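J.: The structure that follows is given in the form of structure tokens.
Residue numbers (my numbering): 6 to 745.
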């Protein structure tokens, strides 16, 4: 999909050269041509919120204000070309709460490349940062408005208008797209986009990167047009004090500062839009482990309040980490062939190099059977690591099914006698297996400590498996991010500084519900978040206890504060939905599913139990009985909104059939459109007799691109051919001799 999108943008940029924009046309044309070294798929993918005109008919491409009457163009674009629209203004608002950022981008784009007498679809593309999650899109036009909205599964079944797959979804895991239908050329489009993403953490420093790098060709060609760029940043560290701004990509000016929080602003008239991502980082001045508790009163479906406990590892990097016993369990079934397995090998080699000589390890590769690097755990000596690296590098994919239970059982047996160290199992797979719930139940009984990594796999099974063993879950949703995500997870698991964490009041209070039944360990690589709901009054004093890397005991009092200016429900929504979904899948609990759906709708976060819709509203502007200059306009809705159901946006619960057939993620053929299915069904009798002599798949693919009228005509023709074929067969059977 990304390659098709890039090709469409490349076609669109070529087509946009037809638009005459006055004296600056040549300058714009030069902007549209990328350097030869940069002409790759990624160059054409959006690196900031973008809007594109979807062009099938090149005859409509021209300046809506000053048509230049370009030479007639024959033919149509199939798939359509995408012309990036010029942006007239943009505002970026970033609210950071502890380790989560809520991003709002508001901008205005103009359809500068379509005749005023014609209209086209417009595609919105939203690239998001670290673990981004789309929250909503609002579009305002002169006579219409559009807004995304989440509804329950049952409610979605009553919607008649369903969007095409290309009208809304994820181009890549971090790029959300949405198509707005038929907008007139020359129209100004006002758009507001909301999403959330996680801040990165390293050595006591939080950092944020927001995609905000606009290509030159979205800058209006007319120099007289005012171009305003505004960035507002608000940081609330929650439980941390003594925060310090470290770095920023744009010239921000501090406008407010209070204990634990500050605000910055950047606003300017610019010649061209931002050509770099927005980056910001701040540090928390504490070398030791520290934390606190935030409380928020809620008035929602649950009739309970929310709490959140944050534990920070501090900035002291020389703190002793635990001795480790690690088993890497690696899927080498045929679906892992190519980059997935090669990236896995590289990440495991990097992880092995991070082990201390006192640590021990082993590697198990599996498909339908298991292969061990060693019959027992090996100390992480230089020689052992070199042998293991050579062993894993020689492993190739093998056929057969994905049998997960055998290698997990072997790994658990190897770690059954662990003393004075943390046992860890890193599981790497891209598949889904039949007995996932049984594996979770077995692991729940067998292990007390583990680490887990994660396409066709069931992400909620892996998340549940990680939670059972107080471990971590990670996922790579595209080939480019496999090695990066695995390295992050390995680094996090191998740098544990506080283990066996308990909160004393949790065991004694029945009114407190902790969403994670087992508290994970604290790593140098990331803060730890423990959250849930409570009813009545929250305990006045809480202590956190655990074991440090030198095996000494750790105890700390946690300070409690009311989070009046931190929307905990929004900050924790994505994590809460994912965790509750894993529990709902594991327990097959319908009430939990309903709880997730309500939380999803309330916080605007997509889930497995909700669907996203696009609401279209017709609006009219009234000035009253007599219109006078300067009178305010009154905007009213005209009729009930029309609801369009988008395709499913969630990751799903895995595909066991695809796993059993060793289909590589992304390599499956897309489902044929209804037109193509009709064509196949209608002509099957006639063409069945000649299918051994010719292949009609090309014809089927061709039919899938046809419009309905052409498909109907061709179907009728083929039906007639089928009847002729039947009659021919009948005549031969009834009259074998010509004389008869």
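A virtual CB, placed ideally from N, CA and C, is assigned to each residue, including glycine.
As the structure is a computational prediction, the values presented were derived from the model and not from experiment.
Please state whether the Cβ-Cβ distance between residue 587 and residue 610 is less than 8 angstroms.
T.: Their beta carbons are not under 8 angstroms apart, which means residue 587 does not touch residue 610 by this criterion.
J.: Under DSSP, the beta strand (DSSP E) around residue 747 begins and ends at which residues?
T.: Residue 747 lies beyond the residue range present for the chain, which begins at 6 and ends at 745; the question has no answer from this structure.
J.: Just how far apart, CA to CA, sit residue 518 and residue 314?
T.: Rounded to whole angstroms, residue 518 to residue 314 spans 13 angstroms at the Cα level.
J.: So, at 7 angstroms on beta carbons, what are the nonlocal neighbours of residue 598 in its own chain, with the 5 sequence-adjacent residues on each side left out?
T.: Within the same chain, residue 598 has close Cβ partners 589 and 614.
J.: Roughly how many whole angstroms lie between the Cα atoms of residue 77 and residue 20?
T.: The alpha-carbon atoms of residue 77 and residue 20 are separated by roughly 13 angstroms.
J.: Skipping 5 residues on each side, what residues in its chain have a beta carbon closer than 7 angstroms to that of residue 266?
T.: Counting only Cβ-Cβ distances below 7 angstroms, and skipping sequence neighbours, we find 240, 241 and 242.
J.: Nearest CA to the CA of residue 621: which residue from 185, 156, 606 and 48?
T.: Considering only alpha carbons, the answer is 185.
J.: Would you identify the three-state DSSP class for residue 268, choosing helix, strand or coil?
T.: Correct three-state label for residue 268: strand.
J.: With respect to the alpha helix (DSSP H) encompassing residue 358, which residues constitute its N-terminal and C-terminal limits?
T.: Segment 344–358, the alpha helix (DSSP H) holding residue 358.
J.: Using only the heavy atoms of the ligand SAH, determine whether one of them is closer than 7 angstroms to the beta carbon of residue 132.
T.: The ligand SAH is not part of the structure shown, which contains no ligands of any sort.
J.: Beta-carbon within less than 8 angstroms of residue 188's beta-carbon, same chain only, minus the 5 sequence neighbours each way: which residues are those?
T.: Here the set comprises 116, 124, 125, 126, 127, 146 and 194.
J.: Please report the Cβ distance between residue 164 and residue 54, rounded to the nearest whole angstrom; I am assuming they are in contact, meaning their Cβ atoms lie under 8 angstroms.
T.: About 27 angstroms separates the two Cβ atoms, so there is no contact after all.
J.: List the endpoints of the continuous alpha helix (DSSP H) containing residue 422.
T.: Per DSSP, residue 422 belongs to no alpha helix (DSSP H) and is neither H nor E.
J.: Taking all protein chains shown into account, decide if residue 296 is buried (16 or more other Cβ within 10 angstroms of its Cβ) or exposed.
T.: With 16 or more other Cβ atoms within 10 Å, it is buried.
J.: Please list, in chain order, all residues of the same chain as residue 369 whose beta carbon is under 8 angstroms from its beta carbon, the five residues on each side excluded.
T.: 332, 333, 334, 335, 375, 376, 377, 378, 412, 415 and 416, listed in sequence order.
J.: What are the boundary residues of the alpha helix (DSSP H) that includes residue 496?
T.: 487–498 is the span of the alpha helix (DSSP H), which, as asked, contains residue 496.
J.: What would DSSP say about residue 676, mapped onto helix, strand or coil?
T.: For residue 676, the predicted model reports a pLDDT of 47, less than 50, meaning its position is unreliable and no value from the coordinates is stated.
J.: Could I get the ranges of all uninterrupted alpha helix (DSSP H) runs contained in the segment 139–204, with 4 residues as the minimum, in chain order?
T.: List check, alpha helix (DSSP H) in window: 158–161.
J.: Mark residue 182 as exposed unless 16 or more other C-beta atoms lie within 10 angstroms of its C-beta, in which case mark it buried.
T.: When all chains shown are included, residue 182 counts as buried.
J.: Does DSSP put residue 394 in a helix, in a strand, or in coil?
T.: Of the three classes helix, strand and coil, the one that applies to residue 394 here is helix, per DSSP.
J.: With a threshold of 8 angstroms, are at least 3 pairs of Cβ atoms found where one atom belongs to the segment 56–63 and the other to the segment 84–101?
T.: Touching, yes.
J.: For residue 217 and residue 567, I'd like the C-alpha separation in whole angstroms.
T.: C-alpha separation (whole angstroms): 34 angstroms.
J.: Could you tell me the distance, in whole angstroms, from the CA atom of residue 419 to the CA atom of residue 487?
T.: Roughly 27 angstroms separates the two Cα atoms.
J.: Out of curiosity, what's the CA-to-CA distance linking residue 167 and residue 95?
T.: Distance between the alpha carbons of residue 167 and residue 95: 31 angstroms.
J.: Counting C-beta neighbours from all protein chains within 10 Å, is the total for residue 602 16 or more, i.e. buried, or is it exposed?
T.: So residue 602 counts as buried.
J.: When DSSP labels each residue in this structure, what does residue 749 get in the three-state scheme?
T.: As displayed, the chain neither begins before 6 nor continues past 745, which places residue 749 out of reach and without an answer.
J.: Should residue 92 be labelled buried (16 or more other beta-carbon atoms within 10 Å of its own) or exposed?
T.: Buried.
J.: With DSSP as the reference, label residue 444 as helix, strand or coil.
T.: Helix, per DSSP.
J.: Look at the alpha carbon of residue 624 and the alpha carbon of residue 73, and state the distance between them as a whole number of angstroms.
T.: Each residue's Cα considered, the two are about 33 angstroms apart.
J.: Between residue 544 and residue 192, what straight-line distance do the alpha-carbon atoms span, to the nearest angstrom?
T.: Whole-angstrom Cα-Cα distance: 57 angstroms.
J.: Classify residue 66 as buried or exposed, calling it buried when 16 or more other Cβ atoms lie within 10 Å of its own Cβ.
T.: Label assigned to residue 66: buried.
J.: Could you give the distance in angstroms between the alpha-carbon of residue 81 and the alpha-carbon of residue 62?
T.: Cα to Cα, residue 81 sits roughly 5 angstroms from residue 62.
J.: Apart from the five residues just before and just after residue 574, which ones in its own chain have a Cβ nearer than 8 angstroms to its Cβ?
T.: For residue 574, where only same-chain residues beyond five positions count, the Cβ hits under 8 angstroms are 301, 303, 305, 311, 607 and 608.
J.: Expressed to the nearest angstrom, what Euclidean distance is found between the alpha-carbon atoms of residue 121 and residue 129?
T.: If I take the Cα positions, the gap works out to 21 angstroms.
J.: Identify, in the order they occur along the chain, each residue of the same chain with its Cβ nearer than 8 angstroms to the Cβ of residue 556, setting aside the five sequence neighbours on each side.
T.: For residue 556, where only same-chain residues beyond five positions count, the Cβ hits under 8 angstroms are 425.
J.: State whether the segment 144–158 contacts the segment 218–228, with contact taken as three or more CB pairs (one from each stretch) at a distance under 8 angstroms.
T.: Counting Cβ pairs under 8 angstroms, fewer than three are found: no touch.
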